[in-house]
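Asker: One structure is given below, represented as structure tokens, and several questions about it will come after.
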Ligand SMILES: [Zn+2]
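Below, the structure is given as structure tokens:
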């Protein structure tokens, strides 16, 4: 029953939308304006900035604009030195599960 570990439930997504892979964190979300789905692949060590504030060791601050509308989505997140999520904010977007991203509609 290994999929119990890999599969996130909707409520987990609200607390921590990041899927942890060996060398990356992946977040799926949709645009609050038009519903376009996004997948962002964040490579550890490349796409993260170093932080020296508080407990945070790595931060993400990215902006996304889809192809369906000009609505901006901003992702801000802080992680500790083991890439564990400390807090995040997704402005203009809503986190979704991998299953929802891959499904049609
Ligand atoms: Zn949009």
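Numbering (the working numbering), first residue to last: 727 to 831. For every residue, glycine included, the Cβ atom is placed at its ideal position computed from N, Cα and C. Source: prediction; values computed, not measured.
Quick check: does the Cβ of residue 792 come within less than 7 Å of any heavy atom belonging to ligand 1?
Answerer: At least one heavy atom of ligand 1 is nearer than 7 Å to the Cβ of residue 792, so yes.
Asker: How about the stretch 777 to 784 and the stretch 803 to 810: do they share at least three Cβ pairs that are nearer than 8 Å?
Answerer: yes
Asker: Give the straight-line distance between the Cα atoms of residue 822 and residue 753, rounded to the nearest whole angstrom.
Answerer: 8 Å
Asker: Using three-state DSSP, classify residue 727 as helix, strand or coil.
Answerer: Residue placement at residue 727 cannot be trusted, given a pLDDT of 44 that sits under 50; the coordinates are not used to answer.
Asker: Using the rule of at least 16 other Cβ atoms within 10 Å of the residue's Cβ for burial, across every protein chain shown, is residue 819 buried or exposed?
Answerer: buried
Asker: What does a CB cutoff of less than 7 Å around residue 812 pick up in its chain, not counting 5 residues either side in sequence?
Answerer: 781, 782, 804, 805, 806
Asker: Return yes when at least one heavy atom of ligand 1 lies under 7 Å from the C-beta of residue 789, else no.
Answerer: It does not: the Cβ of residue 789 is nowhere closer than 7 Å to a heavy atom of ligand 1.
Asker: Going by beta carbon distance, what residues of the same chain come within less than 8 Å of residue 736, once the five residues before and after it are set aside?
Answerer: If we look at residue 736 and ignore the five residues flanking it on each side, its Cβ neighbours are 823.
Asker: Along the chain, where does the alpha helix (DSSP H) that runs through residue 770 open and close?
Answerer: Run containing residue 770: none; DSSP gives neither H nor E here.
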